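What follows is a set of notes on a single structure, which appears directly below.
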Amino acid sequence: MRLHPLTALTAACCAAVMTTAAGSWPLSVAVALAAVLLAARTGVAARVLLAAGVILAPLFLSLLVLHGLFFPEGHTVLAQWGPARVTAEGLGFALELASRTAACVLLLLLFSFTVSVPDLLTALAARRIPPQFSFVLAATLTLVPAMAERLEKIRQAQEARGLVVGRGLLSRLAAARLQAVPLVLGLVEDAGLRAQALDARGFGTTGPRTSYRQLQDPPAQRIFRATALLLAAAAVVLRLSTAWPAAVPT
Amino acid sequence: MACGGAYVTGDGRAQLGQPAEDGQPAAVTLPAAAARIRSFSFHGDAVEALRDVQLAVLPGTLTAVLGGSGSGKTTLGKLIAGWLRGGHSGVLRGSLALGADRLEFHGGSGDPRINPAAWSGRVGYVPQDAAAMLSSVRSTVAEELAFGLENRGVPRLEMIRQVARIAEQTGLSGLLERDPAELSGGELRRLAVACAAIADPEVLVLDEPLASLDADGASQLRTLVDRLLDAGTAVVLLSQTADALARSAGHWIVLNGGTVTAEGPPAELGNGAALRDAGVVAEGLPAGTPGDLPLAAASTPVLELRGIGFGYGSGETRGARSARGPAGVVPPVALLRDLDLTVRPGEIVAITGPNGTGKSTLLRHFNGLLRPQAGEVRVEGGGIDRIPTGRIAASVGMLFQQPRDQLFERTVLREVGFGLRRLAGAEAAAGRAQEALAAVGLSDAAQAHPAELPSSRQRLLALATVLARRPAVIALDEPTVGLDRHGLERLQHAIAAAAARGAGVVLVTHDLAYARANAQRILALDGGSLREI
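The following block contains the structure:
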């Protein structure tokens, strides 16, 4: 069965909210693993993991440094170098945060790499979301592949002019600078022309719009969305009512 | 016809359309559109892009606006179609009229403001880069066609009817479920025309509609233009070539330097001085002198391809995505099969064939951007297997279809000089750079920023970067596209000079007439291999 884009979006967001609310690292890890499994089944695992790595690696590193080494409440000291102490509590906290963030990031990446952009636009248009907003959203979701394709063309054109990209970091950085010039200039120029074309095709008008594409939204999926939203809300309320008093210092 | 107010946004300051004289319904002779442009200049530009240009087009007629690159054709077309607007994009003085509705512009804040969405319902414009016309967020041809109707709130059943009608008219009926990103160049151009024509405009402006189309694509587009004319649409053709389509126009307007230098019926203007001076390319391009060049048949080939086999999607992945050719379609079978090619010093070889047959793919084998799955490529007697493209580039210079991608420096001179010192030594480098710029007529622009040059001069600059390196093999991918007469002459001289110094030149073109006039040998890429024609 094909998922309505809002169903997929709701599922991803609610799962992220509930995982955050639960605040238990085994659950977070399980959710993250489930997201990776789903990504593998839909054939986007490589892209999801690559993007997640780019986002999460620096975050994990900073969590490790901040909480792993300098966790003020930690008292089970595992190792110590001057002011830096590795404590079990600190590591636990870092793991907690890291697994939770990883779960959320993986869920949202899974959604963005599997959603059909035209379906999402149709769904948003049907809910009277301003088309300009939807367009920016769609352009963002499709920007990375479009840019990658363009960069590849530029790289070829420049190599054909005798640009040898070495293996060293400096050589790569220099090449990246040379590639960025035509990339950015090209994107800006295209954006200008595309804006004129969109204007001419009535994109800027404010009146009512219709939709050529039609989306199936079976009742079962509507019920699922309502239930998921309710559960997520319940999870947040539960979390607040149990954790809040304890979290507020007295 | 609705009153002019519908096409103008803003408050009561706007001067609205005036009713036809005597309150009579629009007479048959009333132009579908008329422009009297005293002057137009872009914001921030001291120079006027257009001055003293008048144009009036009658329903069901074809009018050709001819001029070289930078003559102001596109600016004129976009002004008529509301893509460029007085006040919004620049300062316009003059008037624009659609049927009986007329707007006066004085270059002040009280000028009428055109609503582009409503205006485009009466005047459509199709840019030269057809892909720019598309919304880029619709997944099928049918949805792309419907995009403009959706924005106007047309009910769905009516949309389905109109999409079917325009698809029938533009020959897109069989492609409605295809992804627009996977259409061939000709199909994409027809889709762009259809996107403009679906609003049923009285006037349609087509900017270089035949550029880079092969014979099939061009003939389908001609059929489409004929249908639009029969349906009573006034068609304005912007072109720098006096080709068969332009010659079928009833009226020519020749633009040069932003103003009209000649106008009248094609028979009167013929191949006159005004056309020549404006840089308009006469069909049957001026013949080069390939026959006069010495042919060193006995010498060692500069380029040899032996038994080349190649297909996408079967092992070769490096660069494959972006090198799929203009159509962007990944062919299911091998593109090149057991292909042989030998190019000797001083030889000019043209490779022709319809769009999507693998001409660009073949060219990319010369410098290792693509590696053959079978066979061998030898440059100056040595195999290039395992040598990186950046090094092969010292022997093989390549000009791409999109010159902008090749340019990255701050000035034109630095661009040509890039990497020359390492190749030729500090003393020779400066001289070579100047020489290459002179060869393509860009000496006066040495300090300009490459991005600020018009696309035709960017192409010449990219050519200069190739020439300055004096490679043994020069490979040119559709070098004529977008060049006006002056540019073509520069290109011709540069190719002849390179061949005279002993370079082997391979040019890929869909334009058989150009190939005949400028190459010693013409090869057709057919069924994956080359045959002499």
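Line by line, the protein sequences give chains A and B.
Heads up, the numbering used here is the position in the first sequence plus 981, with the first residue counted as 1.
Heads up, the numbering used here is the position in the second sequence plus 33, with the first residue counted as 1.
We treat Cβ as the ideally placed atom computed from N, Cα and C, and that holds for glycine.
Predicted, not measured: the structure shown is a model, and the values here were computed from it.
What whole-angstrom Cβ distance do G105 of chain B and G291 of chain B have, given they're in contact under 8 Å?
Indeed they touch by this definition, with Cβ atoms about 4 Å apart.
Since G157 of chain B sits in a beta bridge, which residues does DSSP pair it with?
BP columns for G157 of chain B point to B:L237.
Please state whether the Cβ-Cβ distance between A407 of chain B and G342 of chain B is less than 7 Å.
Yes. Within cutoff.
With L1101 of chain A and A1016 of chain A assumed to form a contact (beta carbons below 8 Å), what rounded beta-carbon distance in angstroms separates them?
Going by Cβ atoms, the distance from L1101 of chain A to A1016 of chain A rounds to 19 Å, so no, they are not a contact pair.
Roughly how many whole angstroms lie between the Cα atoms of R69 of chain B and V86 of chain B?
The alpha-carbon atoms of R69 of chain B and V86 of chain B are separated by roughly 6 Å.
Which residues of chain B have a Cβ atom closer than 7 Å to the Cβ of I1135 of chain A, listed in chain order?
Result: D438.
Take the Cβ of N289 of chain B as the centre, count every other Cβ of all protein chains shown within 10 Å, and call the residue buried at 16 or more, exposed below.
Counting Cβ neighbours within 10 Å, N289 of chain B comes out buried, since at least 16 surround it.
Smallest Cα separation from R1109 of chain A: which of B:D559, B:D144, B:Q161, B:N184?
Nearest option by C-alpha distance: B:N184.
Going by DSSP, which residues form a beta bridge with A407 of chain B?
Paired residue(s): B:G342.
In chain A, what lies closer than 9 Å to R171 of chain B by C-beta?
Simply P1099, L1102, Y1193, R1194.
For the structure I just gave you, are there three or more beta carbon pairs, one from the segment 189-198 of chain B and one from the segment 1200-1218 of chain A, closer than 8 Å?
Contact between the segment 189-198 of chain B and the segment 1200-1218 of chain A is absent, because fewer than three Cβ pairs lie under 8 Å.
Just to check my reading of the structure: V382 of chain B and Q434 of chain B have Cβ atoms closer than 8 Å, yes? What is that Cβ distance to the nearest angstrom?
Going by Cβ atoms, the distance from V382 of chain B to Q434 of chain B rounds to 18 Å, so no, they are not a contact pair.
Where does S74 of chain B fall in DSSP's three states?
In this structure, S74 of chain B counts as strand in the three-state DSSP scheme.
Cβ of T62 of chain B less than 7 Å from any chain A Cβ?
Closer than 7 Å: no.
Looking at C-alpha atoms only, which residue of B:R534, B:A533, B:N551 is the closest neighbour of V541 of chain B?
Minimum Cα distance to V541 of chain B is reached at B:N551.
Name, please, each residue of chain A whose Cβ falls closer than 8 Å to the Cβ of V538 of chain B.
Correct list: empty, because the minimum Cβ distance to chain A is about 15 Å.
Which value, in whole angstroms, describes the spacing of the CA atoms of G340 of chain B and V376 of chain B?
Each residue's alpha carbon lies about 15 Å from the other.
Please work out which residues of its chain come closer than 7 Å, Cβ to Cβ, to G120 of chain B, disregarding the five sequence neighbours upstream and downstream, and give them in chain order.
So the qualifying residues of the chain are D144, R146.
Taking buried to mean at least 16 other C-beta atoms within 10 Å of its own C-beta, is A427 of chain B buried or exposed?
It is buried - the Cβ of A427 of chain B has at least 16 other Cβ atoms within 10 Å.
For K392 of chain B, I'd like the list of residues in its chain whose CB is within less than 7 Å of its CB, leaving aside the five on either flank, ordered along the chain.
Taken in chain order, the residues that qualify are I384, G386, V541, L558.
Compare the Cα-Cα distances from D418 of chain B to each of B:L563, B:N400, B:E177, B:V429 and report the closest residue.
Answer by Cα proximity: B:N400.
Give the DSSP-derived three-state secondary structure of N184 of chain B in the structure shown.
N184 of chain B: helix per DSSP, three-state reduction.
With respect to 6 Å, is the separation between the Cβ of A229 of chain B and the closest non-hydrogen atom of the ligand MN below this value?
Judged by which ligands are present, the structure shown has none, so any question about the ligand MN falls away.
Of the residues that make up the segment 69-100 of chain B, which ones have a beta carbon closer than 7 Å to any beta carbon in chain A?
Listed by position, the residues of the segment 69-100 of chain B near chain A (Cβ gap below 7 Å) amount to none.
What did DSSP end up calling P319 of chain B once you bin it into helix, strand or coil?
Only weak support exists for where P319 of chain B lies, its pLDDT of 48 falling under 50; the value from the coordinates is given anyway. Of the three classes helix, strand and coil, the one that applies to P319 of chain B here is coil, per DSSP.
Three-state secondary structure (DSSP) at I199 of chain B?
DSSP places I199 of chain B in helix when its eight states are reduced to three.
For the beta strand (DSSP E) holding D373 of chain B, just list the boundary residues, first then last.
Note, D373 of chain B: beta strand (DSSP E), 369-376.
At which residue ranges does the segment 1107-1132 of chain A contain complete alpha helix (DSSP H) runs of 4 or more residues, listed in the order of the chain?
Here no run is fully enclosed.
Please classify S489 of chain B: is it buried, with 16 or more other beta-carbons within 10 angstroms of its beta-carbon, or exposed?
It counts as buried.
Here's a check: name, in chain order, each residue in its chain whose Cβ is nearer than 7 Å to the Cβ of D371 of chain B, leaving out the five neighbours to either side.
So the list reads G340, G342, S562, once near-sequence residues are dropped.
Report the rounded CA-to-CA distance for P1189 of chain A versus A1178 of chain A, giving the unit in angstroms.
Answer to the nearest angstrom: the Cα atoms are 20 Å apart.
So, with DSSP's three-state summary, where would you put E137 of chain B?
Note: E137 of chain B maps to strand in three-state DSSP.
Grab the span of the alpha helix (DSSP H) containing H26 of chain B for me, first residue to last.
Shown here, chain B extends from 34 to 566; a query on residue 26 of chain B therefore has no answer.
For D162 of chain B, go through chain A and note every residue whose CB falls closer than 8 Å to its CB, in chain order.
Under the 8 Å cutoff, chain A gives L1174.
What is the DSSP secondary structure of T576 of chain B, counted as helix, strand or coil?
Any question about residue 576 of chain B goes unanswered here, given that chain B covers just 34 to 566.
Would W152 of chain B be called buried (16 or more neighbouring beta carbons within 10 Å of its own) or exposed?
Under this definition W152 of chain B is a buried residue.
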